[in-house]
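Visitor: Here it is, the structure in full.
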Amino acid sequence: MIRLQGIGLPGIVRGKAHVLQSRSDAAGENRQQPLNPEEEKQRFEEALKGVRAPMRSGLEASTDKTLRELYAAHLEMTEDPALVEGVLEKIDERHCSAEDALDAVKEELQEMFSSIDDPLIRSRFDDVRDIIKQIHDYLHPLHRPLPLSNLAEGTILVADEILPSEAMRIDFSKVVGIVCARGNVTSHVCIIARSKGIPAVIGADITPICDGDILEIECSANHGPEYPEGAVVYANVSNAQEVQHALDLGVAGIGLFRTEFLLMQREFVPDEQNQYNVYVQAARLCGNKPLIIRTLDLGGDKVLPYMPLPSEENPALGLRGIRLTLSQPDLFKIQLRALLRASTEGDIRIMLPMVSSLDEVRQTKEMLQCCATDLAAEGVPFRMPKLGVMIETPAAVFMAEELARETDFFSIGTNDLVQYLLAADRGNNAVSYLYSAIHPAVLKAIRMVVEGAHRAKGEDFTIEVCGEAASQRESIAALWECGIRQFSVSPLVLES
Ligand code: PEP
Ligand code: MG
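What follows is the structure in structure tokens.
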């Protein structure tokens, strides 16, 4: 039996290891020669099938014209003989792996595209690159949709890393623990595990663990956070059931409803009515307590298998959060309409993630206005909710005064703010020694935000902290010193 120290509710859990193969063990680049061409061709064809499936369901389910065109174009590309025959021929000729054949074909296609004069057609190589990356990812078991549906009772999942979109597909009723080599308490898998009451070990050495090993995870007693008198405590949730659980624990409202998980749990984007139903259910549960609903925070490490996004060199600095939703107005409007309609049922407030400019807020306001005008014309009841932003980027810190003038409240997302201020990836163990919410630079930034907001709107302007720092003993006092009076935390920390 292997014993590990974890984080979560105090106690010991025991279970059987289910090891999700890591990238370095993956087939392909690390395979031993000689390679069997028939096997490689079969791997490639299976990967093609795997990549096509979510495109097909996306095409069937999507009502967005642009998205449909994108799915259709990508599907067509996965059938292009230059790609498919090209790879199969390379495997036959060179007796190489499917990955090597893909790379060779990618190079040939790149050369071909770069010789095209028309810049528009030339830029289509980005889509080809994207498809090839998806096939590559599929060939690597870590990136392939994980076999998470048939888990045995009492499973402890062991992986190098579990991406948020993968975490959302885990059947948690069978899982008693999670062990990951990479990540930290602010990793999404950890946040989700905590919300489900499942102990997690992050940063573990997983090399000695084999499939079927009996593992024991011990979580020591954590006395839970203590807040100064006068502090207001809200909860972070990702579905309506968690709202009820949080309210039962006596919170003053919901400070962060992460809506992207509603999409990650499905095979398609929930339509307006579907989203409306979830928001109304949550609003009715909250009664007159505030319910802060964050608009989709996708991109970065939160990707949907059925919604292909262009691959990015540096996703953490790429098309994330508000940038992504503004770039997909049809998708964004579905959510905004659902939120405007649901706002008649309670104190819903809309919050925008990853804001780095005033323009993003203004554009969102215009879209809200446009949705409101449409709803009014359709005779559908709605209410214009309060609008707030998350302070997660250094730009938002420096623009706090201006942002406060445009909005009704702030929520400081320390999980991201710390990573962007300290240039230390929130999921990278190697730099976790730098990652601290009580780093003087972070506290100075939070003070600037409070002062800027007070200058703009006075001391009653609402500023909460909704990152993990809001629930850690050592940071609560420091945040209080900076003028923070509202804390939004995972309900689980309130149980301990
Ligand atoms: C944050 O960044 O602090 C936050 C609450 O958002 P998420 O953890 O979902 O990125
Ligand atoms: Mg964030």
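To convert, count from 1 in the sequence shown and add 39; that's my numbering.
Every residue, glycine too, gets a C-beta built ideally from N, C-alpha and C.
Model, not experiment: these values are computed from the prediction.
Closer than 7 Å to a non-hydrogen atom of the ligand SAH - does that hold for the CB of Thr-403?
Guide: Summarising the ligand content, the structure contains the ligand PEP and the ligand MG and does not contain the ligand SAH.
Visitor: According to DSSP, which residues form a beta bridge with Lys-129?
Guide: Note: Lys-129 sits in no beta bridge, so no partner.
Visitor: Return the chain-ordered list of same chain residues with a C-beta closer than 6 Å to the C-beta of Val-394, the five sequence neighbours on each side being excluded.
Guide: Within the same chain, Val-394 has close Cβ partners Ile-361, Val-428 and Ala-435.
Visitor: Just to confirm, does Glu-431 get its C-beta within under 7 Å of one of the non-hydrogen atoms of the ligand PEP?
Guide: Glu-431: yes, Cβ under 7 Å from the ligand PEP.
Visitor: Confirm, please, whether the CB-CB distance from Ala-111 to Leu-178 is below 8 Å.
Guide: No; because the gap between Cβ atoms is not below 8 Å, this pair is not in contact.
Visitor: Please classify Ala-415 as buried or exposed, where buried requires at least 16 neighbouring CB atoms within 10 angstroms.
Guide: Counting Cβ neighbours within 10 Å, Ala-415 comes out exposed, since fewer than 16 surround it.
Visitor: What does a CB cutoff of less than 6 Å around Val-197 pick up in its chain, not counting 5 residues either side in sequence?
Guide: Cβ neighbours of Val-197 beyond the five flanking positions: Ala-56, Val-58, Val-218, Ile-245 and Ile-248.
Visitor: Quick one: residues in its chain with C-beta nearer than 7 Å to the C-beta of Tyr-266, no 5 flanking neighbours on either side, listed in chain order?
Guide: So the qualifying residues of the chain are Val-272, Ile-515 and Phe-526.
Visitor: Are the segment 141 to 154 and the segment 118 to 126 in contact at 8 Å, needing three or more beta carbon pairs?
Guide: The segment 141 to 154, when compared against the segment 118 to 126, does touch it at the 8 Å Cβ threshold.
Visitor: From Lys-80, Asp-166, Thr-225 and Thr-432, pick the residue whose C-alpha is nearest to that of Phe-449; which is it?
Guide: When each option's Cα is compared against that of Phe-449, the closest is Thr-432.
Visitor: Just tell me which of Thr-225, Glu-132 and Gly-289 has its CA closest to the CA of Thr-453.
Guide: The residue with the shortest Cα to Cα distance from Thr-453 is Thr-225.
Visitor: Which stretch, first to last residue, makes up the alpha helix (DSSP H) that contains Ser-162?
Guide: Here the alpha helix (DSSP H) through Ser-162 covers 158 to 162.
Visitor: Quick one: grab the DSSP three-state call for Ala-66.
Guide: Confidence at Ala-66 is low in this model, with a pLDDT of 40, below 50, so the placement of that residue should be treated as unreliable; the coordinate-derived value is given next. Looking at Ala-66 - three-state DSSP - the assignment turns out to be coil, as it is neither helix nor strand.
Visitor: Lys-80 lies in the beta strand (DSSP E); which residues open and close that run?
Guide: Counting along the chain, Lys-80 falls outside any beta strand (DSSP E), though it belongs to the alpha helix (DSSP H) covering 76 to 100.
Visitor: So what does DSSP say about Pro-329, is it helix, strand or coil?
Guide: Here Pro-329 sits in strand by DSSP.
Visitor: With a cut-off of 8 Å on the beta carbons, I'd call Ala-291 and Lys-235 a contact; round off their distance for me.
Guide: Not a contact, Cβ separation roughly 23 Å.
Visitor: What do you get for Ile-51, buried or exposed, if any count of 16 or more other CB atoms within 10 angstroms of its CB means buried?
Guide: Answer is exposed; the Cβ neighbour count stays below 16.
Visitor: Could you spell out the range, first to last residue, of the alpha helix (DSSP H) harbouring Gln-374?
Guide: Per DSSP, Gln-374 belongs to the alpha helix (DSSP H) from 368 to 381.
Visitor: Taking the DSSP output, what are the residues bridged to Tyr-273?
Guide: According to DSSP, which records beta bridges pairwise, Tyr-273 is partnered with Ser-527.
Visitor: Can you give me the start and stop residues for the alpha helix (DSSP H) that Leu-456 sits inside?
Guide: Here the alpha helix (DSSP H) through Leu-456 covers 453 to 461.
Visitor: If you reduce the DSSP assignment to three classes, tell me which class Lys-496 lands in.
Guide: Here Lys-496 sits in helix by DSSP.
Visitor: Can you have a look at Arg-333 and say buried or exposed, based on whether 16 or more other CB atoms are within 10 angstroms of its CB?
Guide: With 16 or more Cβ atoms within 10 Å of its Cβ, Arg-333 is classed as buried.
Visitor: For the structure I just gave you, are there three or more beta carbon pairs, one from the segment 435 to 445 and one from the segment 485 to 498, closer than 8 Å?
Guide: Yes, the segment 435 to 445 is in contact with the segment 485 to 498.
Visitor: Measuring only the C-alpha atoms, how far is Asp-169 from Arg-380?
Guide: Approximately 37 Å, taken between the alpha carbons.
Visitor: Quick check: does the Cβ of Leu-295 come within less than 7 Å of any heavy atom belonging to the ligand PEP?
Guide: Checking every heavy atom of the ligand PEP against the Cβ of Leu-295, one is found closer than 7 Å.
Visitor: Assuming Lys-323 contacts Gly-385 under a Cβ cut-off of 8 Å, what Cβ separation, rounded to an integer in Å, is found between them?
Guide: One point to set straight first is that residue 323 is Arg, not Lys, in the sequence displayed. The Cβ separation is near 6 Å, so the contact holds.
Visitor: Under 8 Å: do the segment 405 to 419 and the segment 363 to 380 share three or more Cβ pairs, one atom per stretch?
Guide: Counting Cβ pairs under 8 Å, three or more are found: they touch.
Visitor: Indicate, with yes or no, if the ligand MG has a heavy atom lying under 7 Å from the CB of Asn-454.
Guide: Yes, Cβ of Asn-454 sits closer than 7 Å to a heavy atom of the ligand MG.
Visitor: What number of angstroms, rounded off, separates the C-alpha of Asn-353 from the C-alpha of Gly-338?
Guide: Rounded to the nearest angstrom, the two C-alpha atoms are 11 Å apart.
Visitor: Assign Asp-287 to buried or exposed, taking buried as 16 or more other Cβ atoms, counted over all protein chains shown, within 10 Å of its Cβ.
Guide: Counting Cβ neighbours within 10 Å, Asp-287 comes out exposed, since fewer than 16 surround it.
Visitor: Go through its chain and collect everything with a Cβ distance to Trp-519's Cβ below 6 Å, but skip five positions before and after it.
Guide: The residues are Pro-267.
Visitor: Considering only heavy atoms of the ligand MG, does any lie closer than 7 Å to the CB of Pro-392?
Guide: Yes, the ligand MG has a heavy atom inside 7 Å of this Cβ.
Visitor: Check this for me: beta carbons of Thr-194 and Lys-172, under 8 Å apart or not?
Guide: The answer is no: Cβ separation not under 8 Å.
Visitor: When the Cα of Glu-115 is compared with those of Lys-88, Arg-444 and Asp-464, which residue comes out closest?
Guide: Glu-115 has its Cα closest to that of Lys-88, out of Lys-88, Arg-444 and Asp-464.
Visitor: Just how far apart, CA to CA, sit Asn-467 and Phe-211?
Guide: Straight-line Cα distance between these residues: approximately 25 Å.
Visitor: Looking at the ligand PEP, does it come within less than 7 Å of Cys-505, judged from the CB to the closest heavy atom?
Guide: Under cutoff, so the answer is yes.
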